[in-house]
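Asker: When you read off a place in the sequence shown, starting at 1, and then add 2, the result is the number in the working numbering.
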Amino acid sequence: MRLAPLILLLLCLGCTASGLWAEENTSLSKEDLKNAIWHFDLQEALAEPEHVYKLDLSRQELDHFPLEVTRLPHLRVLLLNHNHIPEIPPEIARLDKLVELELNDNVLEALPSELFTITTLSELEASRNRIRALPSAISQLHQLTEIELNENRLTRIPDSIGQLQELEELKVERNQLTELPNSILQITQLGELIIGSNQLTELWPDIGRLENLRDLDISNNNLRSVPPTLFDFHLNLFYLKNNPWERPFRQEEIEAILHAEENDFADMLLGLAEAGRAEQAHRYLDTAEAYYRAEERWSDLAYIYLIAAFMHRDLGSLDEAFVYTRRAEELAEEINFDLESADDWDAFYANTTEIIRDAENLQELLESEREKAQLRANVRRGLILGIILLLGFSGFVYWSRRRLQRYNRTLAAQRGQIAKQAEQLERVNANLTERQAETLAQKAQIEQQARDLKRLNHTKDRIFSIVGHDLRNPLYAMESLAEIMEREDATSAPEERRHRAQLIQRSAQEASLLLNNLLDWARTQTNDIPYRPDFVHPAALVQATLDLLQPALQHKHIRVVSEIRPETVVFADPHMLQTVFRNLIGNAIKFSHQDGVIHLKEQNGETYHDLEIIDEGVGMEQRDAENLLRRERITSASGTRGERGSGLGLLICREFVARNEGQLLVRSAPDSGTRFCIRLPKIGLNLAEATPSAMTTQTQIEKD
3 MRLAPLILLL LCLGCTASGL WAEENTSLSK EDLKNAIWHF DLQEALAEPE
53 HVYKLDLSRQ ELDHFPLEVT RLPHLRVLLL NHNHIPEIPP EIARLDKLVE
103 LELNDNVLEA LPSELFTITT LSELEASRNR IRALPSAISQ LHQLTEIELN
153 ENRLTRIPDS IGQLQELEEL KVERNQLTEL PNSILQITQL GELIIGSNQL
203 TELWPDIGRL ENLRDLDISN NNLRSVPPTL FDFHLNLFYL KNNPWERPFR
253 QEEIEAILHA EENDFADMLL GLAEAGRAEQ AHRYLDTAEA YYRAEERWSD
303 LAYIYLIAAF MHRDLGSLDE AFVYTRRAEE LAEEINFDLE SADDWDAFYA
353 NTTEIIRDAE NLQELLESER EKAQLRANVR RGLILGIILL LGFSGFVYWS
403 RRRLQRYNRT LAAQRGQIAK QAEQLERVNA NLTERQAETL AQKAQIEQQA
453 RDLKRLNHTK DRIFSIVGHD LRNPLYAMES LAEIMEREDA TSAPEERRHR
503 AQLIQRSAQE ASLLLNNLLD WARTQTNDIP YRPDFVHPAA LVQATLDLLQ
553 PALQHKHIRV VSEIRPETVV FADPHMLQTV FRNLIGNAIK FSHQDGVIHL
603 KEQNGETYHD LEIIDEGVGM EQRDAENLLR RERITSASGT RGERGSGLGL
653 LICREFVARN EGQLLVRSAP DSGTRFCIRL PKIGLNLAEA TPSAMTTQTQ
703 IEKD
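1) Could you check how far apart the C-beta atoms of Pro532 and Val572 are, in whole angstroms? I think they sit under 8 Å.
2) Can you tell me where the alpha helix (DSSP H) holding Val659 begins and where it ends?
3) Under three-state DSSP, which class holds Glu150?
4) Please report the residue range of the alpha helix (DSSP H) in which His144 lies.
5) So what's Ser227 in DSSP terms, helix, strand or just coil?
6) Taking only the alpha-carbon atoms, compute the straight-line gap between Gly278 and Asp288 and give it to the nearest angstrom.
7) Does the Cβ-Cβ distance between Arg176 and Asn214 come in under 7 Å?
8) Could you have a look at Asp536 and say whether DSSP puts it in helix, strand or coil?
9) What residue does the alpha helix (DSSP H) around Ile306 start on, and which one ends it?
10) Quick check on Ala24: does DSSP put it in helix, strand or coil?
11) Suppose contacts are defined by Cβ-Cβ distances below 7 Å. Is Glu46 in contact with Val79 by that definition?
12) Assign Ser124 to one of two classes, buried (16 or more other C-beta atoms within 10 Å of its C-beta) or exposed (fewer than that).
13) Looking only at its chain, what residues have a beta carbon closer than 8 Å to the beta carbon of Ile256, apart from the 5 residues adjacent to it on each side?
14) Going by alpha carbons, who is nearest to Ser129 out of Leu117, Phe395, Thr122, Asn154?
15) In the DSSP output, which residue or residues are listed as bridge partners for Arg677?
16) What residues match up with Asn589 in a beta bridge as DSSP calls it?
17) Report all residues from its chain with a CB closer than 8 Å to the CB of Phe395; omit the five preceding and five following residues, and keep chain order.
18) By alpha-carbon positions, which one of Ser115, Cys655, His76, Asn585 ends up nearest to Lys99?
19) Ignoring anything shorter than 3 residues, give me the beta strand (DSSP E) runs that lie fully in the segment 50–130, in order along the chain.
20) Going by the DSSP bridge assignment, what does Val563 pair with across the sheet?
21) On the three-state DSSP scale, how would you describe Pro576?
22) Taking C-alpha atoms, which residue in Gly388, Leu308, Arg632 lies nearest to Glu657?
23) Would you kindly work out how many angstroms separate the C-alpha atoms of Ala310 and Thr441, rounded to a whole number?
24) Check Leu434 in the structure and name its three-state DSSP category.
25) Is DSSP giving Leu195 helix, strand or coil here?
26) Restricting to Cα atoms, I'd like to know which of Asn238, Ile186, Asp208, Gln580 is closest to Pro229.
27) Grab me the residues of Glu150's own chain with a C-beta within less than 6 Å of its C-beta, minus the 5 sequence neighbours each way, in chain order.
28) So, Leu195 versus Leu232, is the Cβ gap smaller than 7 Å?
29) Going by C-alpha to C-alpha distance, which of Asn184, Val430, Ala421 sits closest to Leu388?
30) So, for Leu202: in the same chain, excluding its five sequence neighbours on each side, which residues have a beta-carbon less than 8 Å away from its beta-carbon?
31) For Leu652, which option in Ser674, Ile680, Asp107, Ala671 has the closest C-alpha, if you only look at C-alpha atoms?
32) I'd like to confirm the pairing. Which residues does DSSP put opposite Lys173 in its beta bridges?
33) In chain order, which continuous runs of the alpha helix (DSSP H) of length 4 or greater are located wholly inside the segment 211–261?
34) For the pair the segment 584–604 and the segment 559–575, tell me if three or more CB-CB distances fall below 8 Å.
35) Mapping the DSSP letters down to three states, classify Ala47 as helix, strand or coil.
36) In this structure, does DSSP put Trp401 in helix, strand or coil?
The structure is reproduced here in structure tokens:
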């Protein structure tokens with residue numbers, strides 16, 4: 003009997019401890035849930051059910067709902083995407099702490115009523131299934147913030163959805179909806195409404211009540227009337243194409259569409275052009291051009307020029323398409339427009355090339371027709387002249403015979419007249435010969451122009467090839483590293499973050515050097531680069547180049563020993579000489595081993611001045627090194643640590659040194675490094691008399 007109170011006390015303490023443990027496992031903050039471990043194997047999760055909060059069973063070829071998940075009492079997130087599940091059993095109600103449920107890409111035809119008893123649910127996704135109806139019981143999910151039921155077979159949405167006051171995102175595009183309940187207007191927190199590709203015939207006149215709306219997609223429906231408050235929002239996403247609107251949009255309405263960062267205005271223009279409504283499309287285009295200019299959104303203006311080019315091409319006006327394409331290119335070049343990503347860059351220039359090719363084909367056709375017309379005119383003139391001469395000669399012979407019969411004594415005078423006619427014929431023949439020579443000269447000129455166009459077209463193709471392949475690698479590396487830093491920044495060590503930042507810096511430097519070489523080479527191919535020689539200090543150019551290449555030097559721990567004196571002066575174009583230094587020193591770094599040394603030296607001759615870049619890297623056979631400078635074709639090789647290059651550097655160096663009346667020499671041997679020598683002609687200079695304006699200082703070089 004005395005043990006009874008003691009046993010009762012122990013039981014109370016045990017119950018209290020169990021309650022505290024259960025409460026600790028029940029409460030879980032959003033931050034804790036975000037940092038919770040993902041589980042991808044159901045059997046492993048069942049081994050420790052008390053510690054499983056997030057379970058992902060996507061893409062596991064499941065043909066039924068795994069009931070074992072209901073044995074996980076603290077499960078918060080359940081992903082069952084990309085399986086073959088036909089139905090959800092009532093036992094799902096046991097997951098009474100579930101916050102997020104994803105059932106995308108299955109074969110569900112309905113959602114069970116038991117699902118809507120899980121009042122903790124805040125995110126529900128079941129896109130790309132066969133669901134025909136959304137139960138009214140959805141109103142019980144008071145904490146629901148996101149509903150995504152895209153690409154199902156929904157024909158209606160229940161009125162009870164208006165009770166979901168916490169709902170922020172409603173996505174039901176690509177269904178069979180013909181109307182929407184007015185109760186949606188009661189969801190004041192709604193910020194994203196995606197209802198495109200349905201069969202809606204009208205919108206609420208007072209849609210402006212959704213004051214927090216920021217993303218709206220009503221495209222590909224049967225909407226005709228424009229609600230008065232539709233354009234009062236300041237939307238981030240606004241899609242409304244492919245609707246049979248009963249009237250054109252006003253200027254302020256078009257500006258509201260253009261204000262959205264994501265809009266389908268370009269598709270609207272092309273759709274109007276295809277429908278034969280060119281006048282309306284031009285009016286929209288003028289409004290867009292004026293708006294983007296006023297807002298100084300130059301990249302959007304360049305893109306709208308390109309859309310205008312497509313529109314004119316589809317209308318058959320290739321001249322106008324060519325004009326708008328040139329405007330887009332010039333504006334893009336002026337603002338250094340890169341379309342935000344490599345993919346957009348490729349698409350921009352691929353489309354531009356297509357329009358230019360159509361215009362060039364038209365120009366060639368016009369030139370051919372013009373040549374044919376000129377030939378026909380020449381033949382016509384020759385025939386007329388021949389007929390005139392034949393008629394004249396025939397008349398002369400007839401008249402001469404009559405005169406000979408009647409006036410034999412005038413024979414001598416007639417002979418003189420015949421001689422005069424013969425002289426005229428000789429002059430005509432000489433004129434024809436001269437015109438033939440002019441025609442041959444014009445033909446030669448046209449053939450030369452054709453060769454020049456072919457060479458420029460080859461240059462253009464090579465530029466696009468390098469942009470589409472070599473430039474994509476460093477940009478993709480930067481993008482990937484940036485995503486990793488964004489995703490793991492809070493958990494990664496400072497050394498890892500510093501290392502990734504250095505990788506991004508090197509990728510950016512690679513892209514910058516490639517672009518500089520690409521632009522220099524393109525300008526040399528079109529003879530568009532100016533030659534402005536001046537007295538310059540090579541030491542200043544070398545220092546500026548080493549500052550630029552410092553990350554690459556640090557990455558491979560390479561030391562540079564420069565013996566070029568600061569007072570040394572040469573006569574050359576500073577931009578070209580610095581480009582040569584940048585490429586040759588960059589190559590030396592590329593083919594040097596870890597912890598290597600690069601020597602920079604100078605040699606004075608009687609008539610020349612040598613500047614040498616010497617590395618101790620992998621080297622090559624001497625004949626290969628000499629052939630490298632003779633090649634006209636672009637080739638490239640990987641460095642000692644897999645560094646990539648475009649193959650333009652040595653071609654640019656050779657041409658720039660030649661422009662400065664110098665020579666580029668090379669000596670190399672396998673495993674003994676390579677020595678490049680820039681040999682410039684020596685021009686006398688009295689340094690004591692040289693004025694600051696006659697010398698290119700280090701500050702000017704770095705600024706250039």
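All C-beta atoms in this analysis are idealised placements derived from N, C-alpha and C, irrespective of residue type, glycine included.
Answerer: Looking at the atomic coordinates:
1) Contact flag wrong, Cβ pair sits at about 19 Å.
2) 651–661
3) strand
4) Looking at the DSSP string, His144 is not in any alpha helix (DSSP H), and its letter there is neither H nor E.
5) coil
6) 18 Å
7) no
8) Correct three-state label for Asp536: strand.
9) 300–316
10) Caution is warranted here: a pLDDT of 39 is assigned to Ala24, below 50, making its placement in the model unreliable, and no coordinate value can be reported.
11) no
12) buried
13) Phe267, Tyr286, Thr289, Ala290, Tyr293
14) Asn154
15) Ile616, Arg669
16) In DSSP, Asn589 forms no bridge with anything.
17) Closer than 8 Å at Cβ, skipping near neighbours: Gln423.
18) His76
19) 56–58, 79–81, 102–104, 125–127
20) Residue pairing from DSSP places Val563 in a beta bridge opposite His601.
21) helix
22) Looking from the CA of Glu657, the closest CA among Gly388, Leu308, Arg632 belongs to Arg632.
23) 40 Å
24) helix
25) strand
26) Asp208
27) Glu127, Ser129, Lys173
28) It is not a contact, given that the beta carbons lie outside the stated cut-off.
29) It is worth fixing the name first, because residue 388 is Gly in this sequence and not Leu. Nearest option by C-alpha distance: Val430.
30) Excluding sequence neighbours, Leu202 sits near Leu179, Thr180, Glu181, Leu182, Ile220, Asn223, Asn224, Leu225.
31) Ile680
32) Glu150, Ile196
33) 253–261
34) yes
35) helix
36) helix
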